[in-house]
């Protein structure tokens, strides 16, 4: 087990996107103004860590991992205002009852594969107890999943507690790795290889400048649905479909998308729910429909926490509802770009039983966009 | 129409509860400490107005009305933080989508009969436009209902806009009339005559002293379900059932209960939703079950509004979640007492087609409670 | 009042879209296969009626109306399985608590302006009592709204009960009028004149062939957001903005969109909720974001009602969840086309205080689509 | 690890309630007619299994376990119609997004302690993959928790996958053990020792006879809140409070209650949600309030599954909404009795760090009820 972990760390480094390109660098047009990193880590305090498990071949191949998003970094157990939303609930996100009831997220958001939600959840509890002993912190962790069983031997339960801790402990600011890393390692979207993607937007206005950052674990969508920048890219590239061993993969069931929205805009919990409910706008732009077999679960949090006052009350400074439209647009824009980033960053991958998922081919993507006048 | 209104006003005065007794004065035990009025109007700023329509006999008899609760009195169009809750949704409360989305109640809460929700709603719009011209205020009013068709010719649509305005314009602090007044005029609960009831509780703790006030329009429940102070009062008084003309009334369908919760505790909208979700605790104590034909709709608001700040943000000072238990108890306790107050305050009433609903007989109530040791 | 009604009827006829064009006829590409009428009335049994109020000039001008959708026509009071959904709740739809609790829609869905929800609601109650006396039918009607105050003297409360009855009584199968008719008379979308639009899709698969029909009252969106067929049409036509009298209209607040989804696919209530939650996919495709001031409220119903069985139970034959994806796509596709139809069908309109809203100019729309290769 | 499991099995047998009494046998009055076992297992097909972990002393003491409820026994992977509800969400129940979206429960409901939700969840996945290979069955298990950290070394993570499998594999019909067993081993309610309790009710009417069974893991409530049969029992027995080592335990935070409702009444998913929403009625009767620190999460399922038909549709035979009131009462009555059963069945327990929780003393309970005339 310890060996596996070491390999994982090794492979994490190998898989680090040395010259990973991003959608925007290809010239794909997106609305809005991104932050310096064009990533969720543009929101001050937010840190992201990945543990990537890529080892073995055949029936036992590991192509999976863990991604952790820490709202206020590793040294804070301060709950942050938060709320969730659902487009199609064929997935799991633990800890949402207390998130909805309290209006707070108490700890990190962790992403992994469907069959490892449990180990990740308990590992977050243990991590929280170790880092913040004597508190009830982190007893109801938020862990979400998408299904990577096409590439990963999901019933081998490769994810172990130490991988979760690795993701948590390695979390950092700076540009997060994208594509086939962390929880996104074995994921695909629109039947192209995908995984983790991130993006951000800057918002002006009262109570701001503010940043909205989004990180997705993208694993959903049929090929013919894919629309990028208004162009039906999926119809332009009908080949390069996943193979099951040597044969065409015929299962049409969709996977899922989990989106994590971070902002430093000062918002109340129910306003953060309003932000989370804009993720389907981005999915709609990209041709998705929230398919029956998709677990489209979203969580939004603000790093602007209320201040505790002497009298036992909490002091909040928040945006009025009529200032939220730019934030709604920012969520839609950043989610859209984060999903395309996940597609653009990922490379071809062969996994369990020789199954292969191909990357969205950059040249053909650009050719399609050029054909319809969206890039030069 | 003008005549009807005059009669209504006249009857309002005649029906004013000169020496109306209240449950607590009978010695019925309740938990917690009520405010000075033991009424929703103990919450500073809250005003209540009734328009009571009692006229005619036979098929056209009016036994209905309108009750208006103004969170900040008639001179303010400031929205107040608010949220709703539902036990069983066989009823209507307009304006709840915006209430849930925005977290604010913009205007009064108005209670009337099922078939007059519309006229009341538009009349609130008109009233708001008149009082606060040039604003969008009051475009999505909150109006709720229970069904008074046993006593009131509900399809005669007796309620007119001027009755709604009368309720709004006459709203005052001080002890609200209870029983067969306002929206509660033709209502019954547990097959005894009921209607409007109110109660309040004082709460200590961080950010307080605070007051929680509740006003109910009680129109639900089967006789054999009625439990007061732990005693199955309904089984002790199986007679005095409503009559349909001269015959026993056999329809077993339940009516509804609407509860309005006011507080000056500083709370966020989602916390007010938590308060509203405690009304079923009170219904459980009194033997109700939230029957299929019951519209059990609740709304809670706080009179502590956020302050607008220069930078365009709003400043809130709120209670932390772990300070809410006393408020949850207060909601349950005050709702329980408000319902019993509605029963105790109402007198026998004969209405449409000679249908009659009897009051809960005070002596027999006390005898039942005495038998089980709950009063001396 | 009677005179006003006559004028309304007269104008209804005058405003009947003699040669109204539809988006598809212009060559705009849409996904999926529409039914014969490409309208909600392709769903067998569904009928649509409009009452259109266009009279007067200046401060009292009426540019409003009522649209009624009857799931099973005028002769049935059978409840139909139904559920609702919300993108942004800055609007009102009455009757949703019972719809959610029971899983049934009991009566028509009626659309009108924001300040006429009440009169419409009570008028539906009265209509139901008259058509189905002795039943509780139609006591909690579903009435929704969007705000037409730019063109309509909304505080003149022009809609009267007889207009509601006219919409209900005139409901018919066949192609519904679109654009500035019925509840959509005074509405605009993306700052172009809009109103009522409809479309449908045919769906194959188990338990089918089925039809999904959508009718929208479209009144939302900023100009620069408008995307049609992947092309940022709104940015191509930045002029032709609404005028306030002679001046540019500067209010940037959004209106709303109400969508009514009908299907003959045999579905359970919670599955119909899943359909309703796909409307935001269409809004996303068209560039909308569900703005703060928008009331984006949706209701979906099935005309396949359960059969009452001897033993007191109801028999349902329903689609399994894993057969729903084609229906999800159908909802997104038909909603998208219905909204564009509302834009294409409407003509320029001058209303209250001389305010004017311009139609989406057909030639410039086509030029924009041609520029980006979407039409020839 | 294997040793621990063996000890657990041994202790499970030792802790089997040889002559455990039940509330009804003590003469405590409850409404309604129970089934033969007065247990959730009166619903045909439902099986319950416990794994009880009681070993060690001091800082590492295990006083915890796992309870599994299998809706259709161990040999079926047929999803059952289901829905959930929440009173206060300070807890976790995994798998609820898909349950809500699909309307089905796919697999068992498993109850354990707060820090073992994850291991239980993944263990159910593994168990499902082993029992039903090649299906996606059981990928999103429903696992809920309450917090047993007063008696159990919760951060020692005593629950292992084999304990979960033991609970699943040992599930049987017949009378389930109550009190300090399975997931309820270390739980307390109203500061008396509690844990697992169960009860059932028979319901006549159309589509029936039907059975409603409830199983609770009860771990909530303050002493002074406890009301049984209308009598404030908690105030009568203010002593016997939990001790922290040798000292009085002063933490006033509440635990939680999870309720599982089974029925063979033929119901649609949204109707099962209506049943689940009646649990607060029972909590209200017993003096609970749904405290801030309580996770009051409920799930209801029906063993009457839809039949698959040739054409790809599902056939349901369901009760109409207006037949549900007896079921609502049954849920409230059975939940109430199940909670009291949990209190009555449990014995004193000393656990981690010598902390002790005392059982509700039978004689003093009866004395209190006798004082107020509720038992002879």
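Protein chains in written order, with the numbering used here: chain W, 41 to 416; chain Z, 41 to 416; chain L, 41 to 416; chain P, 41 to 416. Virtual Cβ for every residue (Gly too), placed ideally from N, Cα, C.
Contact with chain Z is absent for residue 137/W, since none of that chain's Cβ atoms lies less than 8 Å from the residue's Cβ.
Contact with chain W is absent for residue 251/Z, since none of that chain's Cβ atoms lies less than 8 Å from the residue's Cβ. Annotation: the continuous beta strand (DSSP E) that includes residue 239/Z extends over 236-243.
Look at residue 361/Z: its C-beta is under 8 Å from a C-beta on chain P. In the same chain as residue 87/P, and ignoring 5 residues on each side of it, the C-beta atoms closer than 6 Å to its own belong to 110, 113, 211, 212 and 213, in chain order. The C-beta of residue 239/Z comes no closer than 8 Å to any C-beta of chain W.
The contact set of residue 358/W on chain Z, defined by CB atoms closer than 7 Å, consists of 353, 354 and 356 in chain order. The beta carbon of residue 129/W sits closer than 8 Å to the beta carbons of 335, 336 and 337 from its chain, once the five residues preceding and following it are set aside; these are given in chain order.
In this structure, residue 384/Z keeps its C-beta atom at 8 Å or more from the C-beta atom of residue 166/Z. In the DSSP annotation of this structure, the continuous segment of the beta strand (DSSP E) that includes residue 336/W starts and ends at 335-342. In the assembly as shown, residue 302/Z is a buried residue. Its beta-carbon has 16 or more other beta-carbons within 10 Å.
Residue range 182-186 is occupied by the beta strand (DSSP E) that includes residue 182/Z. In this structure, residue 253/L lies away from residue 328/L, with their beta-carbon atoms at least 8 Å apart.
For residue 246/W, the neighbours in chain Z by C-beta distance under 7 Å run, in chain order, 351, 352 and 353. Counting C-beta pairs closer than 8 Å gives fewer than three between the region 193-207 of chain Z and the region 359-367 of chain Z, which falls short of the contact rule. Cβ neighbours of residue 288/W within its own chain (closer than 7 Å, five residues either side excluded): 281. Two segments are said to touch when three or more pairs of C-beta atoms, one from each, lie closer than 8 Å; by this definition the region 231-240 of chain P touches the region 372-383 of chain P. Beta-bridge annotation (DSSP): residue 172/L is not paired with any residue. The C-alpha of residue 317/P is placed about 29 Å away from the C-alpha of residue 291/P. Look at the beta carbons and you see the region 170-189 of chain L touching the region 133-152 of chain L: at least three pairs across the two are nearer than 8 Å. Taking a contact to require three or more Cβ pairs closer than 8 Å, the region 297-312 of chain Z and the region 296-313 of chain P do not qualify as touching.
According to the DSSP assignment, residue 121/L belongs to the beta strand (DSSP E) that extends over 120-129.
Assignment of beta strand (DSSP E) within the region 192-273 of chain P, counting only whole runs of 3 or more residues, yields 236-243 and 250-258 in chain order. Here residue 153/Z is bridged, per DSSP, to 186/Z. 8 Å or more divides the Cβ of residue 278/W from the Cβ of residue 352/Z. Burial check for residue 330/P: the Cβ neighbour count within 10 Å reaches 16 or more, so the residue is buried. Counting along the chain, residue 375/W sits inside the alpha helix (DSSP H) bounded by residues 365-385. Per DSSP, residue 394/W lies in no beta strand (DSSP E) and is assigned neither H nor E. Rounded to whole angstroms, the Cβ separation of residue 304/L and residue 76/L is 14 Å, and the two are not in contact under 8 Å.
Residue-level contact by beta carbon holds for residue 321/L and chain W, with a gap shorter than 8 Å. With its beta carbon at least 8 Å from every one in chain W, residue 151/P lies outside the interface. The beta-bridge partner set that DSSP reports for residue 352/P is empty. Taking the beta carbon of residue 330/P as reference, the chain Z residues within 8 Å of it are 317, 318, 321 and 368, listed in sequence order.
Between residue 312/W and residue 123/W the beta-carbon gap is near 4 Å, inside 8 Å, which marks them as a contact. The Cβ of residue 295/W sits no closer than 8 Å to any Cβ of chain L. Closest option to residue 362/Z, judged by alpha-carbon separation, among 307/W, 257/W, 90/W and 354/W: 354/W.
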